[in-house]
Amino acid sequence: MSHALFTSPPPTNTTTTTIPFTFSPSTRLRPSSLLPEQASLLLSQCTTARRLLEIHAAILRSEILHHTVVNFRLQKSYASLGYADKCQILFRRTPDPNVFFWTNAIHAHAIQGLCFIARLLFTEMLSSDATPNGYTLSAALKACRLSFGKVVHGYAIKQSLHTQPYVATALLDMYARGGDVEAARFLFDEMPEQPIVSTTAMITCYAKQGDLAQARQLFDEISQRDSVCWNAMMDGYAQYRKPNEAVNLFRQMLKSDSRPNEVTILAVLSAIAQIGCSSSGKWVHSFIKNKDNRIQLNTKVGNALIDMYYKCGNLEDACLVFDTMKEKDIVVWNTMIAGYAMHGQSQKALELFDMLRFRGLWPTDITFIGVLNACSHAGLVEQGYRFFRLMKVEYKIEPKVEHYGCMVDLLGRAGLVEEAYDLILGMNGIEPDAIMWGSLLASCRLYNKMSLAEKIANHVVSKGYANSGTYVLLSNIYAALGNWEKVTSVRQLMKESGVQKDPGCSAIELGNKVFEFVVGDRSHPKSRKIYAMLDELNAVIKAHGYVPDTDLVLHDLEEAEKEKALKVHSERLAVAFGLISTKPGTEIKIMKNLRVCVDCHNAFKLIAKVTRRKIVVRDRSRFHHFSEGLCSCGDYW
DNA sequence: TTAGGGTTAG
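Sequential numbering of the first sequence, starting at 1, is according to UniProt numbering.
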């Protein structure tokens with residue numbers, strides 16, 4: 001590697017006065033030639049690690065490191081470029097570091113998430129000659145959880161630093177991160193003025209607790225909003241599955257004085273992915289492409305785009321973004337693998353996994369969730385076991401409950417229900433969770449494993465894990481057997497436990513709008529036409545061999561009534577609405593909150609055939625691409 | 001020198 005310090009010719013004139021005082025970032029440095037002022041200036045302009053190394057070398061050759069300002073600026077530069085370790089080496093060699101040095105070293109580690117070291121440094125500082133000030137406390141608090149944070153709080157009060165706005169906000173933020181809303185709110189109310197930074201910290205605090213109403217109230221009270229507070233509120237909505245509110249806020253923000261930045265884009269793309277509204281996603285993509293908006297298509301933004309596209313059903317667009325990204329970190333690969341898995345393209349997902357290993361990237365626990373999920377959707381039991389072992393043996397990743405969950409899903413879907421059950425029983429030190437039991441229960445339902453299902457259900461109910469899904473699955477199992485007495489008792493149990501069944505809800509995107517339907521929905525203005533279309537569809541697909549699978553219907557109804565109940569499943573309504581609202585041949589895309597039922601799956605294959613349409617359905621676990629009487633999942637899901 | 005917002009998942 002060529003290096004400016006070693007390739008430039010020796011200076012003809014050794015006096016430093018000949019060195020120009022203004023440097024561009026590319027100015028080559030001459031050896032043994034820097035004055036302290038010049039070094040400080042260079043360091044303040046330095047933005048890359050390579051340049052910093054050059055300057056560091058020049059400082060050493062110029063023998064000016066003992067100069068306090070030079071030494072401090074050098075440590076600060078390493079800190080701001082994320083090199084906490086280098087910063088610490090220099091710090092340890094600094095005789096009698098003053099409060100600036102201590103604060104910088106603590107801050108350097110805190111922002112890199114090296115919280116333990118940051119806290120150690122702070123403790124060490126307390127027994128040194130330097131005394132922490134407000135700056136130091138703000139830096140240290142970033143590295144604190146509640147327990148140690150309270151100690152710092154005590155120290156702040158003792159030194160009367162707790163009322164300084166920066167310290168108070170850092171304290172507020174510390175309590176907020178620890179989930180102590182009351183303490184955070186107390187500090188907030190105690191502030192004589194509530195700067196926007198503190199208000200935003202408070203908004204984030206509420207949002208993290210899911211108290212979006214309180215967060216919104218504070219947000220609405222801000223008179224001069226900046227980008228950060230918009231982002232905090234938007235992300236709160238996105239995280240708490242209120243994607244429509246997040247997108248609405250984004251629209252308002254565009255009309256305001258604040259400009260969206262990278263964080264805004266990440267939040268709004270996450271919201272759009274949840275809605276599944278690809279036209280909005282494409283709009284945001286073009287917003288990013290527009291240079292005037294100054295959004296860099298870096299790994300995070302690229303990743304959010306891939307995530308959004310595949311969740312909106314546009315796997316091709318997701319691949320296009322993936323292929324054109326110059327720099328891809330492991331997160332980006334993880335997302336693309338998850339995307340292929342969710343669309344049932346398991347082979348592609350596994351190829352991608354091989355490719356990332358070939359490139360020398362180190363898979364993470366999340367990579368393996370994608371890979372195992374891919375195996376699960378394709379019934380690749382042997383492969384799944386192989387990856388499960390590979391993860392432990394080669395990559396030293398201890399499987400978490402999520403990985404076991406994938407394996408249980410994989411085995412259960414493949415009909416190896418008892419094997420899946422044994423796997424759960426054999427988990428060492430890992431407590432099975434509700435999702436895992438739910439998955440196994442679903443497999444029991446699929447393969448009619450009654451006694452195991454009952455055993456699991458009793459266990460789940462007694463452990464208090466039961467959610468609406470558990471009860472619904474159990475009652476479905478009894479309903480399939482025609483045991484209506486048990487169905488009634490499960491429904492009674494469900495009522496007593498206060499658990500409510502999530503109503504099935506499907507959304508369809510038409511033009512730039514998203515229309516939602518719940519089961520038996522009659523609220524749409526075109527309701528009459530929708531139901532007429534449903535009747536017509538039912539008649540036609542029956543002629544093509546459709547037999548309603550009434551096993552799943554909960555209620556103890558006559559056959560004709562059961563058929564009626566199936567016909568009004570939300571996804572059916574959405575398809576009917578799509579058919580009457582679009583030109584022949586247009587692809588129909590539907591997003592459902594729950595898993596699509598067997599009966600709707602059968603119906604959709606035939607609807608796609610008779611209407612010669614492609615129908616794409618995103619359900620809770622994957623995508624189904626229906627076309628010409630078949631589904632991309634091969635009826636395995 | 002200092003405080004607030006952020007990517008992937010069964």
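Note that beta-carbon positions come from the ideal geometry of N, C-alpha and C, so glycine has one too. Here the structure is a predicted model, which is why all the values come from computation and not from measurement.
C-beta atoms of residue i and residue j nearer than 9 angstroms
{"i": "G405", "j": "M436", "result": "yes"}
{"i": "T136", "j": "T103", "result": "yes"}
{"i": "L141", "j": "L171", "result": "yes"}
{"i": "H569", "j": "D599", "result": "yes"}
{"i": "G520", "j": "L594", "result": "no"}
{"i": "G384", "j": "M407", "result": "yes"}
{"i": "I369", "j": "V401", "result": "no"}
{"i": "G412", "j": "A442", "result": "yes"}
{"i": "K592", "j": "V616", "result": "no"}
{"i": "S581", "j": "L510", "result": "yes"}
{"i": "L440", "j": "V417", "result": "yes"}
{"i": "V197", "j": "T169", "result": "yes"}
{"i": "N290", "j": "R259", "result": "no"}
{"i": "A57", "j": "N98", "result": "no"}
{"i": "K311", "j": "G276", "result": "yes"}
{"i": "T335", "j": "D365", "result": "no"}
{"i": "R622", "j": "H377", "result": "yes"}
{"i": "S138", "j": "N512", "result": "no"}
Same chain, Cβ closer than 8 angstroms to residue i, neighbours up to 5 away in sequence not counted
{"i": "N467", "result": "A434, G438 and V499"}
{"i": "R73", "result": "A39, S40, L43 and S44"}
{"i": "S2", "result": "Note that S2 scores 29 on pLDDT, short of 50, meaning its location in the model is unreliable; the coordinates nonetheless yield the value given after this. Excluding positions up to five away in sequence, the list is empty."}
{"i": "residue 705", "result": "The structure shown has nothing for residue 705, since the chain only spans 1 to 637."}
{"i": "N133", "result": "V99, T103 and L161"}
Proximity winner among the options, relative to residue i (alpha-carbon distances)
{"i": "Q296", "options": "L266, Q345, E63 and V197", "result": "L266"}
{"i": "K583", "options": "A184, K614, A130 and V263", "result": "K614"}
{"i": "E516", "options": "M533, P192 and L573", "result": "L573"}
{"i": "S497", "options": "A79, Y309 and S462", "result": "S462"}
{"i": "P363", "options": "A378, W484, V321 and K396", "result": "K396"}
{"i": "N476", "options": "R50, G464 and R491", "result": "R491"}
{"i": "N428", "options": "W637, E398, K455 and P525", "result": "E398"}
{"i": "F387", "options": "S376, L372 and H377", "result": "L372"}
{"i": "Y166", "options": "F148, Q194 and I424", "result": "Q194"}
{"i": "Q112", "options": "D85, L60 and Q164", "result": "D85"}
{"i": "N483", "options": "M450, A341 and V99", "result": "M450"}
{"i": "G545", "options": "A341, I580, K255 and K609", "result": "K609"}
{"i": "H109", "options": "F100, P260, A79 and Q224", "result": "A79"}
{"i": "A341", "options": "C375, C312, S128 and T94", "result": "C375"}
{"i": "residue 689", "options": "S128, A130 and R119", "result": "Summary: the structure shown does not reach residue 689, with the chain confined to residues 1 through 637, and so no result is reported for it."}
{"i": "P243", "options": "Q224, D220, Q274 and Q252", "result": "Q274"}
{"i": "K255", "options": "S278, W230, Y237 and A238", "result": "W230"}
{"i": "W637", "options": "I337, L390 and L410", "result": "L410"}
{"i": "residue 647", "options": "G178, I456 and T163", "result": "Shown here, the chain extends from 1 to 637; a query on residue 647 therefore has no answer."}
Residues near residue i in its chain [Cβ-Cβ closer than 6 angstroms; skip 5 each side]
{"i": "G634", "result": "none"}
{"i": "R357", "result": "none"}
Same chain, Cβ closer than 7 angstroms to residue i, neighbours up to 5 away in sequence not counted
{"i": "C46", "result": "L52, I55 and S77"}
{"i": "A232", "result": "T200, I203, T204 and A207"}
{"i": "V268", "result": "M234, A246, V247, F250 and V284"}
{"i": "residue 720", "result": "A query on residue 720 cannot be resolved here, the shown segment of the chain reaching from 1 to 637 and no further."}
{"i": "A184", "result": "L172, Y175, A176, M202 and C205"}
{"i": "A576", "result": "I530, M533, L534 and L537"}
Alpha carbon of residue i to alpha carbon of residue j, nearest angstrom
{"i": "Y447", "j": "G415", "result": "6 angstroms"}
{"i": "V263", "j": "V228", "result": "8 angstroms"}
{"i": "A565", "j": "Y175", "result": "50 angstroms"}
{"i": "N298", "j": "K326", "result": "9 angstroms"}
{"i": "F116", "j": "I157", "result": "23 angstroms"}
{"i": "T14", "j": "S62", "result": "Per-residue confidence for T14 stands at a pLDDT of 29, beneath the threshold of 50, marking its modelled position as unreliable; the derived number appears in the next sentence. C-alpha separation (whole angstroms): 12 angstroms."}
{"i": "S8", "j": "D226", "result": "The predicted position of S8 is uncertain, since its pLDDT is 31 and thus under 50; a value taken from the coordinates is nonetheless stated next. Between S8 and D226, the C-alpha separation is close to 47 angstroms."}
{"i": "L481", "j": "R445", "result": "11 angstroms"}
{"i": "G629", "j": "T48", "result": "57 angstroms"}
{"i": "C87", "j": "I508", "result": "54 angstroms"}
{"i": "R620", "j": "V596", "result": "8 angstroms"}
{"i": "I330", "j": "D549", "result": "43 angstroms"}
{"i": "A215", "j": "Q209", "result": "10 angstroms"}
{"i": "S632", "j": "L187", "result": "55 angstroms"}
{"i": "K486", "j": "Y478", "result": "6 angstroms"}
{"i": "T611", "j": "G281", "result": "28 angstroms"}
{"i": "K567", "j": "A603", "result": "10 angstroms"}
{"i": "T22", "j": "S33", "result": "Only weak support exists for where T22 lies, its pLDDT of 39 falling under 50; the coordinates are left without a value."}
I want to know whether the region 353–362 touches the region 308–317 - three or more CB-CB distances under 8 angstroms.
no
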